[in-house]
Every structure is written in structure tokens, then in C-alpha cells.
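Residue numbers (our numbering): 2 to 318.
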């Protein structure tokens with residue numbers, strides 16, 4: 002799907018051309034958003050740009066030379082964005098091609114950042130005067146969304162912290178599962194922040210003649226550095242809660258083992274008495290006593306109570 006946007010009097014507005022007007026609309030668009038573009042749409046863009054568009058495998062390359070470069074088509078930036086599906090976070094790479102009079106984005110899958118930009122554009126809330134400003138604004142919006150995601154992780158960590166440290170008889174295995182998901186999400190957010198640093202640093206070198214955008218880029222870099230510190234704090238908190246949860250699980254397991262160990266020690270003396278009088282020797286004087294059987298039962302009971310009383314007095318129970 003191709004979404005086309007124009008800049009009209011400093012405002013970003015979405016265009017909905019007819020099929021027979023698509024080529025003219027593409028030529029006039031200030032921002033072309035190719036979202037899961039079909040083969041025909043990719044062919045249209047390739048004919049318009051007179052170059053091959055990158056494939057999904059090319060977009061996912063991690064080398065800096067493959068993610069940030071310039072050619073006769075324009076400035077190329079391929080940046081990681083945060084996506085969410087079924088309560089779990091993932092990353093998706095968006096390819097940006099910045100030209101003097103237009104911005105082209107190539108992406109697969111739905112991303113909250115672009116959905117929010119389209120919604121704000123429909124309401125006339127996005128102020129932009131050039132594709133360059135629009136690109137920097139996208140990274141600014143990306144950092145804001147990453148900050149919101151970190152706040153969400155922090156709130157969930159507070160709930161898990163209460164579950165682990167304060168709630169009685171809590172489900173600790175469920176807490177470990179939640180912590181693992183939060184750690185994974187925090188790692189993906191940190192990866193997106195690191196990628197944003199590289200992207201903004203690259204753009205700053207190519208926007209030197211635009212001081213306003215340079216200042217915005219510096220503000221984004223400061224925000225990213227602050228959020229990077231926050232991700233480190235969250236990693237430490239997650240590791241602390243993970244260690245605490247595993248410690249509580251070990252304590253609970255040790256209590257169970259302690260119960261079995263004490264039960265074994267308590268029943269060992271009565272078992273010894275029963276074993277002695279279960280032997281089939283001919284000369285065992287107690288076997289002929291009238292009170293031998295109740296005496297043996299009493300001896301077994303006393304042998305079981307004695308170690309229990311001893312452990313209780315020592316404070317081991």
C-alpha cells in the first residue's frame with residue numbers, strides 16, 4: 002500500500018488520489034510511505050526513482066555501510082522501530098530515502114509510530130516545512146514512543162515487585178515469566194535507542210546547513226542518552242527481582258526438603274525399634290512378656306517424640 006502526503010502551508014496532509022492519478026500524485030508527494038507495497042507499487046516507485054528498491058533482506062543488514070549511505074538517489078537511513086504484537090515487543094527495520102523534495106519510507110508490518118503520524122496528519126497537528134524536517138520529526142516521535150514503552154515497563158515492574166516482595170503465597174513461576182518478557186522488551190527498546198543514536202549522528206553530518214534541524218537532532222540525542230540510562234536502571238531492577246524470585250523459590254523448596262528430612266529423622270528411631278522386634282531369633286526375652294507388645298508400641302512412640310521435642314527446643318522447627 003502506498004500512502005501519499007503533501008506539505009501544504011507548513012502542515013502535513015494525506016492525499017487519496019484515484020488510480021488514474023497515482024503517478025502524478027507520487028511525483029508531487031512530499032512523503033511516500035510504502036507499507037507492504039505490492040509488486041506493482043514497487044515497480045511504480047522504481048520507475049519513478051530510476052533505481053532498484055531494497056529488498057527485505059537488504060534492509061535487515063546490520064553493517065553501518067549497508068544501513069547509512071548516500072548515492073545518486075538520496076540519503077539512505079535504515080532504522081529499527083519498535084513493534085508490538087500479542088503483548089510482546091519486536092523490532093522492524095524501516096528504510097528511509099531522503100531527497101531534496103521528498104521522503105520515501107519502505108517498511109513491512111504495522112508500526113505504532115507511523116499510525117500515530119497518520120492520525121496526527123489527518124487532524125492537521127503535524128507542522129513540517131520540508132522532507133528533511135519531517136524525517137527528523139519521525140525520529141523525535143520514535144523516541145517519544147520508546148519513552149512511553151519504558152514507562153509502561155516500569156509500571157509493570159512495580160506490579161511484579163509487589164507480587165514477588167510483598168504478596169503472600171504469590172505465583173513466583175508466573176513472576177519469572179513476566180520478568181523474562183519485560184527483560185526482552187527492555188532489550189529491544191535499548192537496541193532501538195542505540196540505532197537511533199547512529200541514525201541521528203549520520204543525519205547530523207548531512208544536515209549541517211540547517212541549524213534548526215541540527216538543534217532538534219541534538220535534543221533527540223540528549224533524550225536518547227537519558228533513556229539509555231533508564232534502560233540500564235530497568236535491567237538492574239529486573240535482575241534484582243529475578244534473583245529475589247529465584248531465591249524465594251529456593252527457600253520454598255528448602256522448606257519442603259526440610260520437612261521430609263525431619264520426618265525421616267523422627268520416624269527413624271521407631272523404625273529401628275520395630276526392626277529389632279521383627280527379627281526371628283529364638284531367644285528374645287521380650288517376646289514372652291504379657292506387656293511386650295504395648296511396651297514396644299510405647300517405646301516406638303517415645304522414640305519418635307524425643308527427636309521432635311529436641312528439634313523443637315533447638316528452634317529448628
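Where is the CB? At the ideal position from N, CA and C, for every residue including glycine. Here the structure is a predicted model, which means the values were calculated and not measured.
Asked	Found
Segment limits, beta strand (DSSP E) that includes residue 15	12-16
Alpha carbon of residue 109 to alpha carbon of residue 87, nearest angstrom	17 Å
Any 3 or more C-beta pairs closer than 8 Å across the region 268-276 and the region 230-243	no
Limits of the alpha helix (DSSP H) - the one that residue 207 falls within	173-207
Beta carbon of residue 144 nearer than 9 Å to that of residue 92	no
Neighbourhood of residue 133 by C-beta, 7 Å cutoff - its chain only, sequence neighbours within 5 removed	99, 208, 211, 214
Euclidean distance between Cα positions of residue 280 and residue 255	37 Å
Buried versus exposed, by CB contacts within 10 Å (16 or more), residue 75	buried
As assigned by DSSP and simplified to three states, the class of residue 31	coil
Which of helix, strand or coil DSSP assigns to residue 38	coil
DSSP three-state assignment for residue 213, whether helix, strand or coil	helix
Residue 113, enclosing alpha helix (DSSP H) - first and last residue	113-123
Proximity to residue 3 [Cα-Cα], best of 234, 67, 46	46
Burial state of residue 179 (16 or more Cβ within 10 Å)	buried
Straight-line Cα distance separating residue 128 from residue 136	12 Å
Nearest-angstrom beta carbon gap, residue 16 and residue 5 [assumed within contact, 8 Å]	4 Å
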